[in-house]
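**Student:**
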Amino acid sequence: MTAAAQLPPDASDLRYRWIGAVIVLLTFVVFGGWAALAPLESAALAPGVVTVKDYRKTLQHLEGGIVEEILVAEGAHVSQGEPLVRLDTTQLAAERTVLRGQYVSLKALEARLLAERDDLDAVVYPLELTGLSDTRVDAAIASQDAVFRARREASAGEREVLEQRIDQLSAQNEGIGAVRDSNGRLLESYAVEIRDLRRLQEQGFTGKQRLTEMEREQASLVGENAEALSRIAGNEIRIGETRLQIIQLDLNRHREIVDELEEVQAKLYDFGERLRAIEDRIARSVIRAPVSGVVLGLAVHTVGGVIGPGTSLMDIVPEQQQLVIDAEIAPGDIDRVQAGDSARIRFSAFKGATTLVAQGSILNISADRLLREATGTPYYLAQVEVDPASLARMPQMRLVPGMPAEVLINTGSRTLLQYLLQPASNVMARSFIED
Numbered sequence: 001m002t003a004a005a006q007l008p009p010d011a012s013d014l015r016y017r018w019i020g021a022v023i024v025l026l027t028f029v030v031f032g033g034w035a036a037l038a039p040l041e042s043a044a045l046a047p048g049v050v051t052v053k054d055y056r057k058t059l060q061h062l063e064g065g066i067v068e069e070i071l072v073a074e075g076a077h078v079s080q081g082e083p084l085v086r087l088d089t090t091q092l093a094a095e096r097t098v099l100r101g102q103y104v105s106l107k108a109l110e111a112r113l114l115a116e117r118d119d120l121d122a123v124v125y126p127l128e129l130t131g132l133s134d135t136r137v138d139a140a141i142a143s144q145d146a147v148f149r150a151r152r153e154a155s156a157g158e159r160e161v162l163e164q165r166i167d168q169l170s171a172q173n174e175g176i177g178a179v180r181d182s183n184g185r186l187l188e189s190y191a192v193e194i195r196d197l198r199r200l201q202e203q204g205f206t207g208k209q210r211l212t213e214m215e216r217e218q219a220s221l222v223g224e225n226a227e228a229l230s231r232i233a234g235n236e237i238r239i240g241e242t243r244l245q246i247i248q249l250d251l252n253r254h255r256e257i258v259d260e261l262e263e264v265q266a267k268l269y270d271f272g273e274r275l276r277a278i279e280d281r282i283a284r285s286v287i288r289a290p291v292s293g294v295v296l297g298l299a300v301h302t303v304g305g306v307i308g309p310g311t312s313l314m315d316i317v318p319e320q321q322q323l324v325i326d327a328e329i330a331p332g333d334i335d336r337v338q339a340g341d342s343a344r345i346r347f348s349a350f351k352g353a354t355t356l357v358a359q360g361s362i363l364n365i366s367a368d369r370l371l372r373e374a375t376g377t378p379y380y381l382a383q384v385e386v387d388p389a390s391l392a393r394m395p396q397m398r399l400v401p402g403m404p405a406e407v408l409i410n411t412g413s414r415t416l417l418q419y420l421l422q423p424a425s426n427v428m429a430r431s432f433i434e435d
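Its first residue numbered 1, the sequence shown is counted upward by one per residue in UniProt numbering.
1) Enumerated in chain order, which unbroken segments of the beta strand (DSSP E) with a length of 3 residues or greater are wholly contained in the region 192 to 249?
2) So, with DSSP's three-state summary, where would you put residue 281?
3) Rounded C-beta distance between residue 356 and residue 73? I'm assuming under 8 angstroms.
4) In angstroms, rounded to a whole number, what distance separates the CA positions of residue 268 and residue 82?
5) Quick one: using the 10 Å Cβ neighbour count with 16 as the cut-off for buried, is residue 492 buried or exposed?
6) Tell me where the alpha helix (DSSP H) around residue 361 begins and ends.
7) Mapping the DSSP letters down to three states, classify residue 322 as helix, strand or coil.
8) Give the secondary structure of residue 53 by DSSP, where H, G and I count as helix, E and B as strand, and everything else as coil.
9) Applying the 10 Å Cβ sphere with the 16-neighbour rule, what's the burial state of residue 45?
10) Report the option in 223, 110 and 136 whose CA atom is closest to the CA atom of residue 124.
11) Give the C-beta separation of residue 379 and residue 307 to the nearest angstrom, bearing in mind that I take them to be a contact with Cβ-Cβ under 8 angstroms.
12) Looking at the structure shown, is residue 44 part of a helix, part of a strand, or coil, going by DSSP?
13) Ignoring anything shorter than 4 residues or poking outside the region 83 to 164, list the alpha helix (DSSP H) runs there in chain order.
14) I'd like to confirm the pairing. Which residues does DSSP put opposite residue 348 in its beta bridges?
15) Roughly how many angstroms separate the alpha carbons of residue 168 and residue 236, rounded to a whole number?
16) By the three-class DSSP mapping on this structure, what secondary structure does residue 77 have?
17) For residue 80, which of 366, 316 and 401 has the nearest alpha-carbon?
18) Opposite residue 331 in the DSSP bridges: which residues?
19) Whose C-alpha, out of 144, 254 and 294, is nearest the C-alpha of residue 119?
20) So, is residue 402 buried or exposed, given that buried needs 16 or more other C-beta atoms within 10 angstroms?
21) Compare the C-alpha of residue 62 against each of 277, 375 and 390 and name the closest.
22) Let's test the definition: count the other Cβ atoms within 10 Å of the Cβ of residue 157 and tell me whether it reaches 16, buried, or not, exposed.
23) Give the single residue among 95, 332, 189 and 145 whose Cα lies nearest to the Cα of residue 108.
24) Here's a check: name, in chain order, each residue in its chain whose Cβ is nearer than 8 angstroms to the Cβ of residue 364, leaving out the five neighbours to either side.
25) Taking only the alpha-carbon atoms, compute the straight-line gap between residue 20 and residue 27 and give it to the nearest angstrom.
26) Taking the alpha helix (DSSP H) that residue 389 belongs to, which residues open and close that run?
27) Is it right to say residue 331 is buried, meaning 16 or more other beta carbons lie within 10 angstroms of its own, or is it exposed?
28) Given a threshold of 16 other Cβ atoms within 10 Å of its Cβ, counted over all protein chains shown, does residue 58 qualify as buried or as exposed?
29) For residue 77 versus residue 324, is the C-beta distance shorter than 9 angstroms?
30) On the DSSP letters alone, give me the boundaries of the beta strand (DSSP E) that residue 288 sits inside.
31) Is the beta carbon of residue 163 sitting closer than 9 angstroms to the one on residue 246?
32) Is the region 215 to 232 touching the region 175 to 190, taking contact as three or more C-beta pairs under 8 angstroms?
33) Nearest by alpha-carbon distance to residue 148: which of 165, 122 and 65 is it?
Here it is as structure tokens:
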């Protein structure tokens with residue numbers, strides 16, 4: 001060993017070493033304490049695009065048709081309810097005319113059946129018919145009035161025939177009853193005469209022949225009275241049967257009226273629904289603006305051209321609508337994001353030295369994940385509202401639908417140490433459950 005190696009270290013050099021060690025130790029202690037205790041804000045990054053809160057309105061027609069008139073052009077400003085395109089209604093109008101005629105006829109028929117059911121003296125037509133000035137209505141009313149009178153007269157005639165039969169049978173019974181009364185008086189007279197003849201015969205003043213003739217005539221009258229009584233009973237039975245026929249006639253007539261009325265009312269409901277459907281299609285033949293805004297993507301250019309069912313005709317971009325950001329949140333961040341969370345929105349489209357940043361908050365998040373059509377990448381759609389006060393502080397910022405944006409959604413805070421140890425913690429958690 002050399003003499004230089006055996007020399008003790010210099011005191012000043014040892015002091016510097018101690019100072020360096022203390023500095024390093026303090027640095028680790030301070031930095032470690034800061035990393036373990038100081039909270040750092042964390043955020044979920046979501047790409048987005050500026051859009052209208054209520055979205056632009058795509059106009060379609062359910063059934064399609066032939067274009068009769070185009071009333072707007074690309075980029076035109078339109079007001080809510082303003083007509084944009086008018087479709088041809090010639091065929092629909094013809095169908096409506098046919099249905100309307102059938103409906104009027106059925107309505108008049110219903111009124112006549114109701115009058116017959118309620119045994120009214122005249123048909124009472126609804127205001128729906130009487131309030132119209134239409135030759136078809138007048139013809140239908142006149143026709144049903146004639147049918148009402150004819151059916152009423154026919155029914156009264158049938159009833160009158162049956163009632164006359166009852167009167168005839170009753171008159172026969174009265175005549176038969178008169179004959180019986182007369183025969184009854186004769187029988188009383190015969191009884192007295194026969195009694196006297198028997199007394200005279202017993203005394204020998206008269207012969208038996210006269211008594212026998214009287215008794216024979218008495219028996220004949222008794223038989224005639226019995227026959228008359230039987231005829232009266234038979235006529236009473238026929239009178240009862242005829243009265244039942246009158247009742248059955250009324251019942252059958254009422255049943256036929258009710259059955260026909262039910263059938264007519266079912267048809268009326270069907271024709272009424274078909275008429276309402278036709279009226280609705282005619283009303284929708286004029287395509288109107290659902291909101292005030294600007295026409296975009298006009299796809300109708302030819303008068304007389306045919307548009308198919310459900311074909312997109314144009315879009316209306318609403319005016320003076322609140323602009324929001326449609327942000328796509330990664331599935332891995334969705335558990336840390338919820339409606340109401342605050343967010344910072346970066347607009348890189350604005351040219352300047354620094355990227356403009358606005359404040360906002362999440363309005364809502366889709367209930368399930370969606371897929372991008374182009375790539376199939378899953379995401380959750382969130383609507384982010386831009387704070388108006390934040391925009392007011394940046395007058396140079398004018399948001400336009402379609403502008404790209406980056407949304408930084410505040411998800412809370414964690415320390416630097418937690419951030420650094422999280423990957424290792426995840427790896428260890430997975431390693432302990434692997435086979």
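For glycine and all other residues, C-beta sits at the position ideal for the given N, C-alpha and C.
Quick caveat, the model's predicted, so the values are computed rather than measured.
**Tutor:** With the structure as the only source:
1) Taking 3 residues as the shortest admissible run, the region 192 to 249 contains no complete beta strand (DSSP E) segment at all.
2) Shown here, residue 281 sits in a helix according to DSSP, grouped into three states.
3) About 35 angstroms separates the CB atoms of residue 356 and residue 73; that is not less than 8 angstroms, and the two are not in contact.
4) If you take the alpha carbons of residue 268 and residue 82, they lie about 35 angstroms apart.
5) Given that the chain is displayed from residue 1 to residue 435, the structure contains no residue 492 and the question cannot be resolved.
6) First-last for residue 361: 356 to 365, but that is the beta strand (DSSP E), not the alpha helix (DSSP H).
7) DSSP places residue 322 in coil when its eight states are reduced to three.
8) Per DSSP, reduced to three states, the secondary structure at residue 53 is coil, with no helix or strand assignment.
9) Its Cβ having fewer than 16 others within 10 Å, residue 45 is exposed.
10) That would be 110, whose Cα lies nearest to the Cα of residue 124.
11) With a contact defined as Cβ atoms closer than 8 angstroms, residue 379 and residue 307 miss out at about 34 angstroms.
12) Residue 44: strand per DSSP, three-state reduction.
13) Runs of the alpha helix (DSSP H) inside the region 83 to 164: 90 to 117 and 127 to 130.
14) According to the DSSP secondary-structure assignment, residue 348 is paired through a beta bridge with no residue.
15) For the pair residue 168 and residue 236, the Cα-to-Cα distance works out to about 11 angstroms.
16) Three-state DSSP puts residue 77 in a strand.
17) The shortest Cα separation from residue 80 among 366, 316 and 401 belongs to 316.
18) None; residue 331 has no bridge partner.
19) Checking every option, the nearest Cα to that of residue 119 belongs to 254.
20) Classification for residue 402: exposed.
21) Here the closest residue by C-alpha is 277.
22) The residue is exposed, with fewer than 16 neighbouring Cβ atoms inside 10 Å.
23) The closest CA to that of residue 108, considering only 95, 332, 189 and 145, is found on 145.
24) Closer than 8 angstroms at Cβ, skipping near neighbours: 339, 382 and 383.
25) Computed Cα separation, rounded: 10 angstroms.
26) 388 to 392 is the extent of the alpha helix (DSSP H) around residue 389.
27) Classification for residue 331: exposed.
28) Exposed, because fewer than 16 other Cβ atoms sit within 10 Å of the Cβ of residue 58.
29) No.
30) 286 to 288 is the span of the beta strand (DSSP E), which, as asked, contains residue 288.
31) Inclusion of residue 163 and residue 246 in the CB contact set at 9 angstroms is warranted, their separation being smaller than that value.
32) These segments touch.
33) Looking at the Cα atoms, 122 is the closest of the given residues.
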